[in-house]
Amino acid sequence: KQWYQRRVAITAGEEHYFYFVCNFYFLVSFALLQKEDMFRIALIAACFLLAVQGYHLDEELLQQPEGGGEIWAVLIAGSSNWFNYRHQSDVCHAYHLLTKKHGIPRRNVITFMVNDIAFNGENPNRGYIINALSGKDVYEGVMIDYMGKDVTPQLFLDVLMGKDMEFGSRKSLKSGPKDTVFVNFVDHGGPGVLGFPAGELHVADLTKTLQTMYMDKHYKQMLWYVEACYSGSMFDELSPDMNITAHTASNTKESSYACVKDEEMDVYLGDCWSLNWMNNTEQIYPNLSKETVEEQYEIVKNMTTHSHASIYGDLTYIYKEPISVFLGHPGSAIEVEPISDWDYIYKPIPSQDVMMEYLKSKRDKSFDVEETEKLDAEIRYHILTEGKVQEILEQVSYQVTGSREMDTVFSRHPQTIAHPECNKGVLSAFFSQCYKMQTHPYITKYLYRLTNLCNAYNVKNIISAVTDNCNCN
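Note that our numbering has the sequence shown beginning at 48, numbered continuously upward.
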């Protein structure tokens, strides 16, 4: 098992299965045991201890919050595909910060990750993921609770609400009124929406879930760190009275940025804001109790120069809490060596443009005529599609408003999402009948022209216009 963990990440379900096998071996072998077989005695004893404990031995040495509560964490990389390498890299790095360095027990950390990067055919270092140039492997030992097709918006919300699960490792957020919860989400986003491999999480659904968690006393305090374009729009209307604070990589109107290009792999290794908060956390380690949530927000905001890092929700109590309340207490299990080498140049790029840069770079490096032709065709398709999306949204706006003047008003800049259900309805219609942001991430630059209409017009009329124009193109 130790060799296996060194080479690949494992799911919590696989680890539980290992414990079961050890226990079964103990029961069978005990009946056959001969007195002189000392080797078998030692092996059985070791397996029995692992089966009974079911967790890593060093967790007992790590500190937990005072007052009887525990720290829980939910980490999610909501994307797939090689060009989105950075999302899984960020989450793997965060996993090690929380568990290996900060002392949060692995049993309290729930991880969502498609897991298509470490052994991707384009990965020259099979089985490894790095979060910095010449950085250490951050994939090693990550326990993935939900992977592949299980990374869905509904399953994520069910886990947050502590429902009994029948997928993956079956772990769920079993926090209570004395516990603190940290949620780290990394992926693409749009106005009032976050991406998943085969679906979207809308602000309307997230808000309902958070309200339910609050009413059910599912936590004492909750801190969200969200890396996505327009991520501020998911929390812009978050009540300050729910004991929730959200840090976001961008405000309600802009892209977040990818950073640190690995030229050999043609991918960005991390996202700027995510790298910044983890960088700051590692710089102050192990003194996490000496920096507050407010102080980390201000430090990381100043470090993040291309997007406007923002904060929402409770800015009174959680704001003044040490970050150790949510990110962990190092205790006696101190690892002094940093996970990543932070001496590099960021070279940021808007997250929406990463896929196109990846395709162009791959084409420029290709010496195969057939491959070059396919890449040229794919690039042309996306260039034409980006223009077509703008035409469709202009036609939808004109059909709904009935005038070019009003179309201009609703196309100037993103507006506040005042009607989340309308926002969900029109975006769902566009994603299902036109284009998805998972496969066409650049479309998120223009979606506000659609969602702005919700502030003045009937949702049915907007959806009808989307249907008409998407089917015509």
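Where a beta carbon is used, it is the ideal one built from N, C-alpha and C, also for glycine.
This one's a predicted model, so the numbers in the text were calculated from it and none came from an experiment.
Query, Result
"If you drop the 5 nearest sequence neighbours on each side, which residues of the same chain put their C-beta closer than 7 Å to that of Lys210?", "Ser219"
"Going by beta carbon distance, what residues of the same chain come within less than 7 Å of Leu440, once the five residues before and after it are set aside?", "Tyr493, Arg496 and Leu497"
"Let me confirm a value: Cys519 is counted as buried when at least 16 other C-beta atoms fall within 10 Å, else exposed. Which label applies?", "exposed"
"Please state whether DSSP places Leu440 in a helix, a strand or coil.", "helix"
"Quick check: the Cα distance between Leu285 and His149, rounded to an integer number of angstroms?", "28 Å"
"Return the CA-CA distance between Thr448 and Val307, expressed in angstroms with no decimal places.", "43 Å"
"For a test of the three-state rule: what should DSSP assign to Glu274, helix, strand or coil?", "strand"
"DSSP three-state label for Lys308, please.", "strand"
"So, helix, strand or coil for Asp234, using DSSP?", "coil"
"When you compare each of Gln135, Gly360, Lys507 and Cys517 to Gly602 by their alpha carbons, which one comes out closest?", "Nothing can be reported for residue 602, as the shown portion of the chain is limited to 48 through 520."
"Taking the C-alpha atoms as reference points, what is the distance between Thr259 and Val250?", "14 Å"
"For Asp309, which residues from the same chain have a beta carbon less than 6 Å from its beta carbon, with the 5 sequence-adjacent residues on both sides left out?", "Leu316"
"The alpha helix (DSSP H) spanning Val473 covers which residue range?", "Pro467 to Gln480"
"DSSP puts Gln268 in a beta bridge; with which residues?", "Thr227"
"For His466, which residues of its own chain have a beta-carbon under 8 Å away from its beta-carbon, when the five flanking residues on both sides are left out?", "Cys501, Asn502 and Val506"
"What's the gap between the Cα of Thr363 and the Cα of Lys409?", "48 Å"
"On a CA-only basis, which of Thr352, Asn349, Met325 and Ile365 is nearest Glu341? Give me that one, please.", "Ile365"
"Is it buried or exposed for Leu79, if we count other Cβ within 10 angstroms and need 16 for buried?", "At Leu79 the pLDDT is 48, less than 50, meaning the model places this residue with poor confidence and gives no usable figure here."
"With distance defined between alpha-carbon atoms, name the residue in Met312, Thr299 and Cys517 nearest to Ser475.", "Cys517"
"Taking the C-alpha atoms as reference points, what is the distance between Trp129 and Gly237?", "21 Å"
"I need the straight-line Cα distance from Lys267 to Val198, nearest angstrom please.", "26 Å"
"Quick one, are the C-beta atoms of Asp515 and Gln446 less than 8 Å apart?", "yes"
"When the cut-off is 8 Å and only beta carbons count, does Asp515 lie next to chain D?", "Of the protein chains in the structure, only one exists, and it is not chain D."
"Under the rule that 16 or more other beta-carbon atoms within 10 Å means buried, what is Gln201, buried or exposed?", "exposed"
"How would you call Leu257, buried or exposed, if buried means at least 16 neighbouring beta carbons within 10 angstroms?", "buried"
"Among Tyr405, Asn508, Gly116 and Phe478, whose alpha-carbon lies nearest the alpha-carbon of Leu248?", "Phe478"
"What residue does the alpha helix (DSSP H) around Tyr142 start on, and which one ends it?", "Tyr132 to His143"
"Measure from the alpha carbon of Met212 to the alpha carbon of each residue in Asp400, Ile157, Val240 and Thr351, then state which is nearest.", "Ile157"
"Buried or exposed, going by whether 16 or more other CB atoms sit within 10 Å of the CB of Ala245?", "exposed"
"Between Asp252 and Tyr405, what straight-line distance do the alpha-carbon atoms span, to the nearest angstrom?", "33 Å"
"Figure out for me which residue from Glu468, Met453, Gly434 and Ser458 has the closest Cα to the Cα of Tyr482.", "Gly434"
"Is DSSP giving Leu180 helix, strand or coil here?", "coil"
"Look at Tyr132 and Ile164 and say whether their C-beta atoms are less than 8 Å apart.", "yes"
"Looking only at its chain, what residues have a beta carbon closer than 6 Å to the beta carbon of Thr240, apart from the 5 residues adjacent to it on each side?", "The displayed chain sequence assigns Val, not Thr, to residue 240. Cβ within range, chain order: Glu247, His249 and Leu474."
"Which one of Ile118, Gly360, Met160 and Ile430 has the shortest CA to CA distance from Lys222?", "The identity of residue 222 in the sequence shown is Ser, whereas the question assumes Lys. With distances taken between Cα atoms, Ser222 lies closest to Ile118."
"Val228 to Glu425, Cα distance in whole Å?", "42 Å"
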